[in-house]
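Which chain is which? The protein sequence lines are D and X, in order. For the first sequence, full-length UniProt numbering begins at 1 and goes up steadily by one. For the second sequence, full-length UniProt numbering begins at 1 and goes up steadily by one. A short write-up of the structure that comes next.
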Amino acid sequence: MSGMSEMSAVWHPPADLVRRYATGGLDPVQVMSVEAHLARCGGCRTALPYEPEWLAESWERIEDVVDRPWPGLGVRVLCRFGVPEHVAGLLSATPSLSRAWLVAVISVLGFAVGSARVTSGDPDALLAFLVVAPVLPVAGVAMAYGRAVDPAYEMQAATPLSGSRLFLLRAVAVLTVALGLTAGATLLFPGPLGASAAWLLPALALSLGMLVLSGHLPPLLAGSLLAAGWFGAVLICDGVLHDRFLPFQPAAQGLYGVAVLVMLPLVCLRHRRLAPGEHQ
Amino acid sequence: MHRFFARRREPPPIGSDSDDAELLLAVAAERTEALKILHRRHAPWLRVRLSRRCADPDLVDEAIQDAFVAVWRDAHRYRPTKGDAAAWIWTIAVRRLISSLRRTATIPPLARLEDTVGVRPVVESAEDAVLVGVEHGELGTALARLSPELRAAIQATVLDGLTTREAAQLLGIPEGTVKTRVMRAKAQLRGFLA
Numbered sequence: 001m002s003g004m005s006e007m008s009a010v011w012h013p014p015a016d017l018v019r020r021y022a023t024g025g026l027d028p029v030q031v032m033s034v035e036a037h038l039a040r041c042g043g044c045r046t047a048l049p050y051e052p053e054w055l056a057e058s059w060e061r062i063e064d065v066v067d068r069p070w071p072g073l074g075v076r077v078l079c080r081f082g083v084p085e086h087v088a089g090l091l092s093a094t095p096s097l098s099r100a101w102l103v104a105v106i107s108v109l110g111f112a113v114g115s116a117r118v119t120s121g122d123p124d125a126l127l128a129f130l131v132v133a134p135v136l137p138v139a140g141v142a143m144a145y146g147r148a149v150d151p152a153y154e155m156q157a158a159t160p161l162s163g164s165r166l167f168l169l170r171a172v173a174v175l176t177v178a179l180g181l182t183a184g185a186t187l188l189f190p191g192p193l194g195a196s197a198a199w200l201l202p203a204l205a206l207s208l209g210m211l212v213l214s215g216h217l218p219p220l221l222a223g224s225l226l227a228a229g230w231f232g233a234v235l236i237c238d239g240v241l242h243d244r245f246l247p248f249q250p251a252a253q254g255l256y257g258v259a260v261l262v263m264l265p266l267v268c269l270r271h272r273r274l275a276p277g278e279h280q
Numbered sequence: 001m002h003r004f005f006a007r008r009r010e011p012p013p014i015g016s017d018s019d020d021a022e023l024l025l026a027v028a029a030e031r032t033e034a035l036k037i038l039h040r041r042h043a044p045w046l047r048v049r050l051s052r053r054c055a056d057p058d059l060v061d062e063a064i065q066d067a068f069v070a071v072w073r074d075a076h077r078y079r080p081t082k083g084d085a086a087a088w089i090w091t092i093a094v095r096r097l098i099s100s101l102r103r104t105a106t107i108p109p110l111a112r113l114e115d116t117v118g119v120r121p122v123v124e125s126a127e128d129a130v131l132v133g134v135e136h137g138e139l140g141t142a143l144a145r146l147s148p149e150l151r152a153a154i155q156a157t158v159l160d161g162l163t164t165r166e167a168a169q170l171l172g173i174p175e176g177t178v179k180t181r182v183m184r185a186k187a188q189l190r191g192f193l194a
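Structure representation (structure tokens):
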């Protein structure tokens, strides 16, 4: 099998020397000599004694790893950050984390930032951004799960991880991505940071509301209700109270803050109830 | 990209008498039986050689397993023109051993220090020709006269093909110490051989 190596190494160590090398009974210079030879002589390498049971066991463990499908890049990154592998696999299959949704979110945000820059901080552009931004995460979550949107729905319906737990996991992943992207867009906005960051608390409140409601309603319905409520409130402020920016004033922000503080423990409790085995 | 193309290419038929390069080509095409033949052929001597560098058999076994998994994933990167397949697999295995030593963060449980010898198998040089018969040659006598510490340092860096940092992790000594020991060993060898 390695004819070339054998030709270049004329001298072969006697079989006894090779055996003693394997069992550890040689002096350092002899070991060196044998190793130098083994490195280029396949014939002498295969002549080394070995334990068949050890070899079989070692191979079994390698085969076990090699037969598994090689996880995608997303799964490997998540695993690196300590996410359990089965959870990482499910997250990476989240439909609304698909390219289409990401492209949609990024283009909406890009459009908002672009128009604000072109009109150099026009209040209309800022208002549009502030009104739309809190709904983006909710829209993503509404599409995170369900028969209508998830091609893997049938398969997951039969897996041991319960639907609600899966929903919660995916929802949190989607919220994180959406909030992160929107925060990035905020930094690109012209004008004071405080004004363009006013979407954050409403977004958090709506997202948590989404998580709470989805325990009782189908996600799509829950998302639609929350979005309708939010847009309704914005329209009322504009049309009835004649203050377009009222939903973003400090008083309103206080309300969102309270709502967040109330809903956060509810969501945490629900998560704990759904995943009893995974907390230390 | 390479992996993509490797998958498409029809590999040659393989058997237990195929050479390593053919087997690696088949491994790149995701054929487990080729990896199994490679494992059968190389795991035993890797085990002996790694055991001379680490006295913990579990770490050695783990390094061998990791190495073959790495061979499975990286077989498409192997180029026969760049050196012998056995040498390529050895390099992977010894690096795996060093990184698991680093992970366990213990002082490397060395086999007897004077046993930590090896050769860099990649180079085809006059040095190799001398080493093959090192037992009988002048270099053998000269190496035998080195102190165990100096010999271990020169073996790990010059002959095992490790970087200074890897040698330091394998031997459990600071990098600076590796460097000074290698310099002193070389100076002494030059003196003995003069």
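Cβ atoms here follow ideal geometry from the backbone N, Cα and C, with glycine treated the same way.
(request) Please confirm whether Ala171(D) and Met210(D) have their CB atoms less than 8 angstroms apart. (result) Between Ala171(D) and Met210(D), the CB-CB gap stays under 8 angstroms.
(message) Quick check: is the beta carbon of Ala144(X) nearer than 8 angstroms to any beta carbon in chain D?
(response) Using a Cβ-Cβ cut-off of 8 angstroms, Ala144(X) counts as an interface residue toward chain D, since at least one Cβ of chain D sits closer than that to its own.
(request) Give a yes or no on whether 8 angstroms exceeds the smallest Cβ distance from Pro28(D) to chain X. (result) So, interface residue.
(request) For Glu63(D), decide whether its Cβ has a neighbour in chain X, counting only Cβ atoms nearer than 8 angstroms. (result) Interface residue (Cβ-Cβ distance to chain X less than 8 angstroms): Glu63(D) is classified as such.
(request) On a CA-only basis, which of Pro80(X), Thr180(X), Leu46(X) and Asp74(X) is nearest Tyr21(D)? Give me that one, please. (result) Nearest option by C-alpha distance: Leu46(X).
(request) Check distances from the C-beta atoms of the segment 160-174 of chain X to those of chain D and list, in chain order, the residues that come in under 8 angstroms. (result) Those would be none; no residue qualifies.
(message) DSSP three-state label for residue 292(D), please.
(response) Any property of residue 292(D) remains undetermined from this structure, which presents chain D solely from 1 to 280.
(request) Answer with buried or exposed for Ala251(D), where buried requires no fewer than 16 other C-beta atoms within 10 angstroms of its C-beta. (result) By the neighbour-count rule (16 or more Cβ atoms within 10 Å), Ala251(D) is not buried but exposed.
(request) Answer with yes or no whether the minimum CB distance from residue 283(D) to chain X is below 8 angstroms. (result) The requested residue 283(D) does not occur in the structure, where chain D is confined to residues 1 to 280.
(message) Output needed in chain order: residues of the segment 59-81 of chain X with a Cβ under 8 angstroms from some Cβ in chain D.
(response) From the segment 59-81 of chain X, only Asp61, Ile64, Gln65, Phe68, Val69, Trp72 and Arg73 have a Cβ closer than 8 angstroms to chain D.
(request) Counting only the same chain and skipping the five closest in sequence on each side, list residues whose C-beta sits under 7 angstroms from that of Leu255(D). (result) For Leu255(D), where only same-chain residues beyond five positions count, there are no Cβ hits under 7 angstroms.
(request) For the segment 51-71 of chain X and the segment 40-48 of chain D, state whether three or more C-beta atom pairs, one from each stretch, are separated by less than 8 angstroms. (result) Fewer than three Cβ pairs drawn from the segment 51-71 of chain X and the segment 40-48 of chain D lie within less than 8 angstroms of each other, which leaves the two stretches out of contact.
(message) For a quick check, are the C-beta atoms of Leu50(X) and Leu101(X) less than 8 angstroms apart?
(response) Here Leu50(X) is not near Leu101(X), since their CB atoms are 8 angstroms or more apart.
(request) Compare the beta carbon distance of Ala112(D) and Pro137(D) with 8 angstroms and say whether it is the shorter of the two. (result) The Cβ-Cβ distance between Ala112(D) and Pro137(D) does not fall below 8 angstroms.
(message) Could you tell me the alpha carbon to alpha carbon distance between Phe68(X) and Lys36(X), rounded to whole angstroms?
(response) When rounded, the distance between both Cα atoms is 9 angstroms.
(message) So that I know if they touch, is there some Cβ in chain X lying closer than 8 angstroms to that of Arg45(D)?
(response) Between Arg45(D) and chain X, the shortest Cβ-Cβ separation is below 8 angstroms.
(message) With the cut-off set at 8 angstroms, would you say Val131(D) and Val234(D) are in Cβ contact?
(response) In this structure, Val234(D) lies closer than 8 angstroms to Val131(D) by Cβ.
(request) Determine the direct distance from the alpha carbon of Ser224(D) to that of Trp199(D), and round the result to whole angstroms. (result) If you take the alpha carbons of Trp199(D) and Ser224(D), they lie about 19 angstroms apart.
(message) Measuring alpha carbon to alpha carbon, tell me which residue in Pro44(X), Ala21(X) and Ala70(X) is nearest Pro49(D).
(response) That would be Pro44(X), whose Cα lies nearest to the Cα of Pro49(D).
(request) Let me know the secondary structure DSSP gives Ile14(X) once reduced to three states. (result) The answer is coil: DSSP assigns Ile14(X) none of H, G, I, E or B.
(request) Identify the continuous alpha helix (DSSP H) that holds Ile157(X) and give its terminal residues. (result) According to the sequence displayed, residue 157(X) carries Thr and not Ile. If you look at Thr157(X), you'll find it isn't in any alpha helix (DSSP H); DSSP assigns it neither H nor E.
(request) Could you check the C-alpha separation between Val108(D) and Val135(D) for me, to the nearest Å? (result) Between Val108(D) and Val135(D), the alpha-carbon positions lie close to 11 angstroms from each other.
(message) Whether or not the segment 76-84 of chain X and the segment 52-67 of chain D are in contact is what I'm after, with contact meaning three or more pairs of Cβ atoms, one per stretch, closer than 8 angstroms; do they touch?
(response) No, they do not touch.
(request) State the Cα-Cα distance for the pair Ala228(D) and Thr32(X), rounded to the nearest angstrom. (result) Cα-Cα distance, rounded: 56 angstroms.
(request) Could you name the residues of the same chain whose beta carbon sits closer than 6 angstroms to that of Ala205(D), not counting the 5 residues immediately before and after it, in chain order? (result) Correct list, in chain order: Tyr256, Ala259 and Val260.
(message) My parser needs the alpha helix (DSSP H) runs of 4 or more residues fully inside the segment 100-131 of chain D; what are they?
(response) DSSP runs (the alpha helix (DSSP H)) wholly in the segment 100-131 of chain D: none.
(request) Give the DSSP-derived three-state secondary structure of Cys268(D) in the structure shown. (result) In the structure shown, Cys268(D) sits in a helix (DSSP, three-state: H, G or I).
(request) Go through its chain and collect everything with a Cβ distance to Leu146(X)'s Cβ below 8 angstroms, but skip five positions before and after it. (result) Cβ neighbours of Leu146(X) beyond the five flanking positions: Ile154, Ala185, Gln188 and Leu189.
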